[in-house]
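Taken in order, these protein sequences are the chains called V and F.
Numbering-wise (our numbering), the first sequence opens with residue 744 and increments by one.
Numbering-wise (our numbering), the second sequence opens with residue 744 and increments by one.
Every residue, glycine too, gets a C-beta built ideally from N, C-alpha and C.
Computed from a predicted model, the values in this text were never measured in an experiment.
There are 2 protein chains.
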Amino acid sequence: MEHKMVSIADQIFDELEKAILTGEYERGDILTEIKLSEKMGVSRTPIREALRRLDQERIIENTATGAKVIGITDKDIADIYDIRLRIEGMASFLAAQRRSDEDLQRLKGILDLQEFYTKKDDPDQIKNYDSEFHLALYQICQCPTLLDTLEPLHRKVIKFRKVSVAHPGRAAKSFAEHKAIYDAIAAGDAINAEKLTCEHISNARKSILGE
Amino acid sequence: MEHKMVSIADQIFDELEKAILTGEYERGDILTEIKLSEKMGVSRTPIREALRRLDQERIIENTATGAKVIGITDKDIADIYDIRLRIEGMASFLAAQRRSDEDLQRLKGILDLQEFYTKKDDPDQIKNYDSEFHLALYQICQCPTLLDTLEPLHRKVIKFRKVSVAHPGRAAKSFAEHKAIYDAIAAGDAINAEKLTCEHISNARKSILGE
DNA sequence: ATATGTACATTTGTATACATATATACAAAT
DNA sequence: ATTTGTATATATGTATACAAATGTACATAT
């Protein structure tokens, strides 16, 4: 029995991260531990922990007088894609070499759900399973450093305010690209998995940044 | 007057990170907040904050029963170099395009000190200014995401236990490579700066991992 | 008018008390 | 013998009290 405990601090972190990345707070806003603790009905301690994590991700900047919201810009998103373009293929390459049968089943399950919701045209769930596919790859490649590097970058993108305003037809293309990557990984074709992933990231970048 | 405060939590973080990465604690060791606070003579609060940051860097793993030391392996170092090989060139590329005159002066100052201590054969200072050169590049490229991505990777390498056991003659070569990168950046030759940086990372990787 | 010093309000930094979760040992039931 | 339940020790999770630092407003000197 080892259910991972979800602490208040974790919830506060998710909540604040989302609020900032979706633009609910604007760049320059000052968040103070006291006001947040009153607003959210918890003590300063979990608030503080959440703010520290947000600071480490450069989403806010902690100062002696309060936490200044930094947020995320279009340039940041572009930078993230430039970086992912260079290393996410490495994850797929390794995943193709190292994936177990259980890994493949898991990936397939995610892919099936992405297809289901794509046909059903459910943007939230599409986004959810699109994201799950990438996160699964980060784990399957069995490179903790790559996981730790890519995961926060990815999280920023999926919580970015404009992510739902994707081009029409992008969902179907994205699924097709994931399917192709999956096939390459299932076949153990590392080189192709890497190439397809680079192309996928490149296409996703164009879509989210509006060409 | 805005001297950045160095909190106890910051010091504890540095101390623990170094202790773990140099092998003072072994993988599997359990660190408890209470024992650490007694040992270090501070309360649990800053200890706790440091442990949270170490967890976020996957140097330890926080559990309900204590923090388990994960540490860093040769494979992790290899992975870090594989990743840096793919993105650190991007930093140099951008730095070459964006560097100001002040940036160049700063880089040159670091380079001169690296040369000085290389001739003096002072391993600690060589390592220090070698590191400073890279960190400066991360800042000069004006890409916060790249900085945040590369900085923790770099820090793990420089605190790694074997980093001082470099090949003889590596120090002089490393300086020469930095000089070449600097020249390319000073000349605004982004493509060459990127290429030279990739080669430099590749050489450093071979050196630290013993070919 | 400008600069400087100082009190004050507000914030974060730290310590500590209390609440809750987890693992372990061990007794009891099967 | 194995499983199950429970008491207990010990850890983290959270709340709160207090210390230290920072910025602002305002009085004062030049």
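Beta-carbon spacing of residue i, residue j below 8 Å
i, j, result
"residue 840(V)", "residue 931(V)", "yes"
"residue 820(F)", "residue 951(F)", "yes"
"residue 945(V)", "residue 828(V)", "yes"
"residue 897(V)", "residue 874(V)", "yes"
"residue 876(F)", "residue 857(F)", "yes"
"residue 815(V)", "residue 760(V)", "no"
"residue 831(V)", "residue 893(V)", "yes"
"residue 842(V)", "residue 928(V)", "yes"
"residue 872(F)", "residue 860(F)", "yes"
"residue 776(V)", "residue 797(V)", "no"
"residue 901(V)", "residue 870(V)", "yes"
"residue 785(F)", "residue 763(F)", "no"
"residue 895(V)", "residue 800(V)", "yes"
"residue 917(V)", "residue 947(V)", "yes"
"residue 772(V)", "residue 812(V)", "yes"
"residue 826(F)", "residue 888(V)", "yes"
"residue 904(F)", "residue 765(F)", "yes"
"residue 943(F)", "residue 854(F)", "no"
Where the alpha helix (DSSP H) containing residue i begins and where it ends
i, result
"residue 875(V)", "866-883"
"residue 924(F)", "913-929"
"residue 749(F)", "Where residue 749(F) is concerned, there is no enclosing alpha helix (DSSP H), given that its DSSP letter is neither H nor E."
"residue 937(V)", "933-951"
"residue 767(V)", "Careful: residue 767(V) lies outside any alpha helix (DSSP H) and carries neither H nor E."
"residue 832(F)", "817-841"
"residue 852(V)", "844-863"
"residue 888(V)", "887-902"
"residue 780(V)", "776-783"
Within chain V, partners of residue i - CB distance below 9 Å
i, result
"residue 833(F)", "825, 826, 829"
Interface flag, residue i vs chain V, CB-CB below 8 Å
i, result
"residue 933(F)", "no"
"residue 822(F)", "yes"
"residue 936(F)", "no"
"residue 744(F)", "Note that residue 744(F) scores 42 on pLDDT, short of 50, meaning its location in the model is unreliable and no value can be drawn from it."
"residue 775(F)", "no"
"residue 850(F)", "no"
"residue 942(F)", "no"
Within chain F, partners of residue i - CB distance below 7 Å
i, result
"residue 886(V)", "822"
"residue 892(V)", "826, 892"
Contact list for residue i against chain V, beta-carbon separation under 7 Å
i, result
"residue 807(F)", "748"
Residues that residue i contacts on chain V, provided the C-beta gap is smaller than 8 Å
i, result
"residue 799(F)", "796, 799"
Proximity test, Cβ basis, 8 Å: residue i and chain F
i, result
"residue 753(V)", "no"
"residue 792(V)", "yes"
Outcome for residue i when other beta-carbon atoms lying within 10 angstroms are tallied against a minimum of 16
i, result
"residue 745(F)", "Residue placement at residue 745(F) is flagged as unreliable, the pLDDT there being 46, under the threshold of 50; the coordinate-derived value follows with that caveat. Exposed, because fewer than 16 other Cβ atoms sit within 10 Å of the Cβ of residue 745(F)."
"residue 845(F)", "exposed"
"residue 833(F)", "buried"
"residue 752(F)", "buried"
"residue 851(F)", "exposed"
"residue 769(F)", "exposed"
"residue 810(F)", "buried"
"residue 937(F)", "buried"
"residue 914(F)", "buried"
"residue 804(F)", "exposed"
"residue 899(V)", "buried"
"residue 835(V)", "buried"
"residue 940(F)", "buried"
Residue i: contacting residues in chain F (beta-carbon distance under 8 Å)
i, result
"residue 819(V)", "887, 888"
Residue i: first and last residue of the uninterrupted beta strand (DSSP E) it sits in
i, result
"residue 802(V)", "Element bounds for residue 802(V): n/a, residue is neither H nor E."
"residue 809(V)", "809-812"
Contact test: residue i Cβ vs the ligand GTP heavy atom, cutoff 7 Å
i, result
"residue 817(F)", "Because no ligand of any kind appears in the structure shown, any question about the ligand GTP cannot be addressed here."
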